[in-house]
Every structure is written in structure tokens, then in C-alpha cells.
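Here is the structure we will look at, set down as C-alpha cells.
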Amino acid sequence: MTNPTTQIALKNTTDSSTVYAYVTGLDINNNNTYAFLQPDGKTLYYPASPSAPQQPLAVDCAIPLGAPGTTTTVTIPQLAGGRIWFIVGDKLTFLLNPGPGIVEPSVLNKDDANYKLNWGFCEFTCYVDFVALPIALELRNTAGQTQTVQGLPRDGLDQVCAQLTEQASENAGWGKLVVKTDDGKNLRALSPNSGRIVPSSTPTTNPT
Numbered sequence: 001m002t003n004p005t006t007q008i009a010l011k012n013t014t015d016s017s018t019v020y021a022y023v024t025g026l027d028i029n030n031n032n033t034y035a036f037l038q039p040d041g042k043t044l045y046y047p048a049s050p051s052a053p054q055q056p057l058a059v060d061c062a063i064p065l066g067a068p069g070t071t072t073t074v075t076i077p078q079l080a081g082g083r084i085w086f087i088v089g090d091k092l093t094f095l096l097n098p099g100p101g102i103v104e105p106s107v108l109n110k111d112d113a114n115y116k117l118n119w120g121f122c123e124f125t126c127y128v129d130f131v132a133l134p135i136a137l138e139l140r141n142t143a144g145q146t147q148t149v150q151g152l153p154r155d156g157l158d159q160v161c162a163q164l165t166e167q168a169s170e171n172a173g174w175g176k177l178v179v180k181t182d183d184g185k186n187l188r189a190l191s192p193n194s195g196r197i198v199p200s201s202t203p204t205t206n207p208t
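In full-length UniProt numbering, the protein residues as written are 1 to 208.
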């Protein structure tokens, strides 16, 4: 029998005390309704349909992860398409459209409020979108067996961006997968699939 919930320990391994997590997904026990886990780490918030587009959430669903080295345990129900989002130094902005439709943070839209922020996510199934924050996963079953997927090393993003920039000499568009901050630091590296959406006329290190 499948357990109705799963406990997930979220550990802050950054150097910042301002780190937040968000847990989202479709609640398969509630007609696949889009849900956010609230800051108490166990209660779901189901956004209602707003009367106008681009409305803020009625509930702040940022889960504070505390000081570096702190572990915060959350209880997650059965979700489809689940994601755990992480952001350092700020909070993420999710918006609502009538439906409701959820406007998630975007790495391709420069007008998105989250575009220049340092965030990332891991999925419950697969992950093929972009490289940013190093996120490691460890799964321990009821028999005590553990499976681990290591995150990138601390300089992993810089390594990836350096190789993409070097590969840009082929003029195949690899360089435009590198997204930088306003002061020239590496912010994220897009997957080639995402890079196909970036217009070819954009500067090689700053897609729109």
C-alpha cells in the first residue's frame, strides 16, 4: 500500500540564512488541483480563480530554511508533477490567472519578477530545464536503503558556463545558454531545449 504522505528533509547547505523553499504539484486526491505547501510544512493551499490576470497568491507559501546547516522537515501528500523550488536571498513570485492558472517563475522571460534572482528547483520525476543552485537528493526507503543523487559542486555552474562559452566558438548557439547577472556573474545555464526558445539575435551570454 502506498503511503499517503512522504517526509522530506530540506537542508540549507548555502552560506545564507535567507533561503526559502516552495513545494508545488497537482493533488491527485483532490481532482489534480494545483497546490502549494504552506510554511507549516504540512498544510496545502489551493489557489482560487482570480477575477483578473496576474494576481498574487492569497497565501505566502515560502518555507524558511533557517540558518546554514539547518534542516527543515516537511510532509508532502501524493502530488503529481511535484517540484521543490529553492531561492537564496529573496522570495519567489508566483501569480494567478483566471481558471485558476498558475504563472510559475520563468528563466526565459526577462520581464518575469524572478528572472534576475538566484533560484532553482528539483522535480519529483525528472529535471531537464537549467542549471543554477546545486541541489542534491537523497532517498531512504522503509528498509533503510539509501539512494543519493549528488548536486553540482559549489563551482559547478561556473564550470558548465565556462565550457559552454568555450564551445560558442562553433557558432552553434552554445554561448547563449549562459545567463549572467547585471554585474557579470553566472546566474544559470539553460538546457539546449530551453535555448531553442531564445531568439538567435540575442547576445550570446544574455538570452531574452
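No residue lacks a Cβ here, since even glycine has one placed at the ideal position from N, Cα and C.
Legend entry - Coarse secondary structure for residue 107, derived from DSSP in three states: In the three-state reduction of the DSSP assignment, residue 107 falls in the coil class.
Legend entry - Contacting residues, own chain, Cβ-Cβ under 6 angstroms from residue 190 (five flanking each side not counted): Excluding residues within five positions, the ones whose Cβ falls inside 6 angstroms are 130 and 177.
Legend entry - Neighbourhood of residue 205 by C-beta distance below 8 angstroms, restricted to the same chain and skipping five residues each side: For residue 205, the predicted model reports a pLDDT of 32, less than 50, meaning its position is unreliable and no value from the coordinates is stated.
Legend entry - Bridge-paired residues (DSSP) for residue 83: When beta bridges are read from the DSSP output, residue 83 appears opposite 24 and 123.
Inset, instruction - Please list, in chain order, all residues of the same chain as residue 45 whose beta carbon is under 7 angstroms from its beta carbon, the five residues on each side excluded. - result: Cβ neighbours of residue 45 beyond the five flanking positions: 35, 36, 38, 59 and 61.
Inset, instruction - Evaluate the contact criterion for the region 76-95 versus the region 25-35: three or more CB pairs, one atom per stretch, below 8 angstroms. - result: Put simply, the region 76-95 touches the region 25-35. At least three CB pairs are less than 8 angstroms apart.
Inset, instruction - Consult DSSP for residue 168 and reduce its assignment to one of helix, strand or coil. - result: Residue 168 falls in the helix class under three-state DSSP.
Legend entry - Simplified DSSP state of residue 193, which is helix, strand or coil: DSSP places residue 193 in helix when its eight states are reduced to three.
Legend entry - Residue environment, residue 149, which counts as buried when at least 16 other CB atoms sit within 10 Å: So residue 149 ends up on the exposed side.
Inset, instruction - Going by CA-CA distance only, name the one from 49, 95 and 85 that's closest to residue 64. - result: Checking every option, the nearest Cα to that of residue 64 belongs to 85.
Legend entry - For residue 70 and residue 10, the rounded distance between their alpha carbons: Separation of residue 10 and residue 70 (C-alpha to C-alpha, rounded to the nearest whole angstrom) is 8 angstroms.
Inset, instruction - Would you mind reading off the limits of the beta strand (DSSP E) that contains residue 11? - result: Looking at the DSSP string, the run of the beta strand (DSSP E) that includes residue 11 is 5-11.
Inset, instruction - Tell me whether the beta-carbon of residue 105 lies closer than 8 angstroms to the beta-carbon of residue 134. - result: No, these two residues do not count as a Cβ contact at 8 angstroms.
Legend entry - When 110, 143, 160 and 125 are compared against residue 132, the one with the closest alpha-carbon: It is 160 whose Cα lies nearest to the Cα of residue 132.
Legend entry - Neighbourhood of residue 151 by C-beta, 7 angstroms cutoff - its chain only, sequence neighbours within 5 removed: Taken in chain order, the residues that qualify are 134, 135 and 136.
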